[in-house]
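Encoded structure:
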């Protein structure tokens, strides 16, 4: 069974590829804490560990000649459960001032999709070059977010991208995944003192709308434990969520707006169909709210999701539209490439033995896949998306963590209408002040890039002309948005 309508990138639809289990092997060298990243070996992994996280360690190497040769790059694994599970990551230093700039961690959604999509298709230091061969298979990205910050890309949970488990273990809830992410963050900052105390921002998109509030909450709560144990807390400053999944009712009902009103573009569905869809909106709102969230009745909830998906989301697919950018028709197929054939080029590049040897992922013996249906099925089977995310968001806002919800206006899957309604409904101390403000334009190079509403810790913004992956469609606006956010939280 799938609660697909509640998930995000690829979760509504079939995914290509399958998860597998692979043997683990690597050369390791252990050294004392308080070292600089530049001192790492480029030939073998260095293993980092901490006594208060005995089940976790980090293997990391300096990776030369990869992606963006103008900055230092690092790759490696987070080893979890005493080495039984392995989470893959990339880290790139800032092009500006790596010894002073903030640190960002980027996570893609799914659940079950690799952050290689964010790296090679959206905001990374390099992008995949569909026409390139050999050393030219990637190209420099002048709009990479490492123009302004040091940045991680993390493949999680196990079974995603290069991440794997030795004995087939799985993680099927965001709360469980959060423990591993938090441990990695603490070990990294505690070991590499050059980044300790640096402003830290957690960012992502799609199912990241669920991941990130929970991950950030785990980091925040972990800071209290760290202080008690004599460690330096992680300087968590903000969370940035792009076209994030919200909760069921706000997302479901917004599908009507995206197809049948001028919320994004001219309506593209027939009036007769839109009339039928509008009649389903109120029913779906009430049904999903009651049975999926209040009663948590799995059988009735599944019936509600199946009905509402057929009534409100399926027409997008039936019309041949790209659900991640409804201004375009789907290129290729959703099942094969999510309407973006470039994802296949990314998978080919990361499956190449030469690439794996260069970056240190050769122990992963299978072919790379952008999204894992097995991971998604596990999360769906544990009803992960049925738990309201808003309580985590409110908890962070109440504790002074800044949050940016941004959305490309052409995305239907996790659209701006749902995110606008969602942020307006959050019950936090600033709710009244936030909702009293009108949406106003924000500009880049003298042109209106979208609208924004910002009050205290909470900011909501749109990006005109962008789909689900804002940095792909509007790279200049995306980078400028991030620069302004890092500077003073104002767009």
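Numbering (this note's numbering), first residue to last: 2 to 492.
For each residue, glycine too, the CB sits at the ideal point set by N, CA and C.
Computed from a prediction, not measured in an experiment: that's the story for all the values here.
{"query": "What separation, rounded to the nearest whole angstrom, lies between the Cα atoms of residue 237 and residue 385?", "result": "25 Å"}
{"query": "Between 434, 455, 430 and 435, which lies nearest to residue 442 when the distance is taken from Cα to Cα?", "result": "455"}
{"query": "Using the Cα positions of residue 106 and residue 336, report the straight-line distance between them to the nearest angstrom.", "result": "28 Å"}
{"query": "Determine the burial state of residue 437: buried for a count of at least 16 other Cβ atoms within 10 Å of its Cβ, exposed for fewer.", "result": "exposed"}
{"query": "Mind checking residue 330: buried by the 16 CB within 10 Å criterion, or exposed?", "result": "exposed"}
{"query": "With a cut-off of 8 Å, do at least 3 Cβ pairs link the region 41-58 to the region 175-194?", "result": "yes"}
{"query": "Return helix, strand or coil for residue 232, following the three-state DSSP convention.", "result": "coil"}
{"query": "Report buried or exposed for residue 137, applying the criterion of at least 16 other Cβ atoms within 10 angstroms of its Cβ.", "result": "exposed"}
{"query": "In the DSSP output, what is residue 114 paired with across the bridge?", "result": "372"}
{"query": "From the DSSP output, in three-state form, read off residue 242 for me.", "result": "strand"}
{"query": "What first and last residue would you give for the beta strand (DSSP E) that runs through residue 140?", "result": "139-141"}
{"query": "Could you give the C-beta distance for residue 163 and residue 362, rounded to a whole number, given that I count them as a contact under 8 Å?", "result": "5 Å"}
{"query": "With DSSP as the reference, label residue 199 as helix, strand or coil.", "result": "coil"}
{"query": "From which residue to which residue does the beta strand (DSSP E) around residue 151 run?", "result": "151-155"}
{"query": "For the beta strand (DSSP E) containing residue 317, name the first residue and the last one.", "result": "First-last for residue 317: 315-319, but that is the alpha helix (DSSP H), not the beta strand (DSSP E)."}
{"query": "For residue 333, which residues in the same chain have their Cβ closer than 7 Å to its Cβ, ignoring the five residues on either side in sequence?", "result": "340 and 342"}
{"query": "Throw me the rounded Cβ distance for the residue 212 and residue 379 pair, which I believe falls under 8 Å.", "result": "Between residue 379 and residue 212 the Cβ distance is about 14 Å, and since that is not below 8 Å, they are no contact."}
{"query": "Starting from the C-beta of residue 29, find all residues in its chain whose C-beta is less than 6 Å away, skip the five residues before and the five after it, and write them out in chain order.", "result": "Confidence at residue 29 is low in this model, with a pLDDT of 44, below 50, so the placement of that residue is unreliable and no value is reported for it."}
{"query": "Between the alpha carbons of residue 486 and residue 67, how many angstroms are there, rounded?", "result": "28 Å"}
{"query": "Count Cβ pairs between the region 223-243 and the region 278-287 that sit closer than 8 Å; are there 3 or more?", "result": "no"}
{"query": "For a minimum of 4 consecutive residues, which ranges assigned as the alpha helix (DSSP H) are wholly contained in the region 414-464?", "result": "417-426 and 432-437"}
{"query": "What separation, rounded to the nearest whole angstrom, lies between the Cα atoms of residue 187 and residue 282?", "result": "44 Å"}
{"query": "Taking Cβ to Cβ, would you say residue 129 is nearer than 9 Å to residue 346?", "result": "yes"}
{"query": "Evaluate the contact criterion for the region 421-434 versus the region 164-180: three or more CB pairs, one atom per stretch, below 8 Å.", "result": "no"}
{"query": "With a cut-off of 8 Å, do at least 3 Cβ pairs link the region 69-77 to the region 202-221?", "result": "no"}
{"query": "Quick check on residue 43: buried or exposed, where buried means 16 or more other Cβ atoms within 10 Å of its Cβ?", "result": "exposed"}
{"query": "Which residue's Cα is closest to the Cα of residue 102: 491, 271, 492 and 484?", "result": "484"}
{"query": "By the three-class DSSP mapping on this structure, what secondary structure does residue 51 have?", "result": "coil"}
{"query": "Between which two residues does the alpha helix (DSSP H) containing residue 404 stretch?", "result": "Here residue 404 belongs to no alpha helix (DSSP H); instead the beta strand (DSSP E) covers 403-409."}
{"query": "So the candidates are 315, 95 and 314; which of them puts its Cα closest to the Cα of residue 199?", "result": "95"}
{"query": "Is residue 26 buried or exposed, if buried means 16 or more other CB atoms sit within 10 Å of its CB?", "result": "Its pLDDT being 40, under 50, residue 26 is placed unreliably in this model, and the coordinates cannot settle the point."}
{"query": "Starting from the N-terminal side, write out each stretch of the beta strand (DSSP E) that is 3 residues or longer and does not extend beyond the region 298-353.", "result": "326-330"}
{"query": "Go ahead and pull the three-state DSSP assignment for residue 1.", "result": "Examination of residue 1 is not possible in this model, given that the chain is present from 2 through 492 alone."}
{"query": "In this structure, does DSSP put residue 86 in helix, strand or coil?", "result": "strand"}
{"query": "To which residues of the same chain is residue 490 closer than 6 Å at the C-beta, ignoring the five residues directly before and after it?", "result": "403"}
{"query": "Could you pull out every residue in the same chain whose Cβ sits closer than 7 Å to the Cβ of residue 119, ignoring the five residues on either side in sequence?", "result": "107, 109, 125 and 154"}
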